[in-house]
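Please read the structure below before turning to the comments.
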Amino acid sequence: IYIRGEFYREAELLQQAVDEAYEAGYLGDDACGIGRRFDVVIHRGAGAYICGEETALLNSLEGKKGMPRLKPPFPAGVGLYGCPSTVNNVESIAVVPTILRRGGEWFGSLGKPNNT
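Residue -10 is where the sequence shown starts when you use our numbering, and the numbers rise one by one after that.
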């Protein structure tokens, strides 16, 4: 999880939540008892607003200056450290539990007709 550097307190709270998830067994060697490892790492960025752009964020994660890359290639093909990568914002991730609860048909009904 990438969080901009100026959100110091928020990063601390997020780290506490991640630590609690490890302690509860939701993360780590046997995440949720499924026999697979699942880790979450919090990366504190340098704080540049431009790092909201996906390729600038990837550069920042790689330790480079947080400046946008030329596209193509797009992160889905050549992203973090040259590997295929998906970049989502918190708003996209936050709606996942509601979609799981209400279903894909419900979510599809929110957009314009024939957009799903």
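Quick reminder that beta carbons are idealized off the backbone N, C-alpha and C, glycines included.
Here the structure is a predicted model, which means the values were calculated and not measured.
With distance defined between alpha-carbon atoms, name the residue in the options nearest to residue i.
{"i": "residue 17", "options": "-7, 27 and 9", "result": "27"}
{"i": "residue 47", "options": "103, -8 and 104", "result": "-8"}
{"i": "residue 72", "options": "64, 78 and 79", "result": "64"}
{"i": "residue 69", "options": "52, 79, 101 and -1", "result": "52"}
{"i": "residue 75", "options": "42, 37, 23 and 97", "result": "42"}
{"i": "residue 57", "options": "40, 66 and 67", "result": "40"}
Per DSSP, which residues does residue i bridge with? Please list them.
{"i": "residue 27", "result": "17"}
{"i": "residue -8", "result": "33"}
Cutting at 6 Å between CB atoms, please list the residues of its own chain near residue i, excluding the five before and the five after it.
{"i": "residue 7", "result": "29"}
Buried or exposed, going by whether 16 or more other CB atoms sit within 10 Å of the CB of residue i?
{"i": "residue 83", "result": "exposed"}
{"i": "residue 34", "result": "buried"}
{"i": "residue 81", "result": "exposed"}
{"i": "residue 89", "result": "exposed"}
Which residues in the same chain as residue i place their Cβ atom closer than 7 Å to its Cβ, once the five residues preceding and following it in sequence are excluded?
{"i": "residue 15", "result": "21"}
{"i": "residue 0", "result": "-8, 31 and 33"}
{"i": "residue 101", "result": "none"}
For residue i, collect the residues of the same chain with a Cβ closer than 8 Å to its Cβ; drop the 5 residues on either side in sequence, then sort them by chain order.
{"i": "residue 60", "result": "44"}
**Request:** Would you list, in sequence order, the uninterrupted alpha helix (DSSP H) runs of no fewer than 4 residues that lie entirely inside the region 52 to 89?
**Result:** 79 to 83
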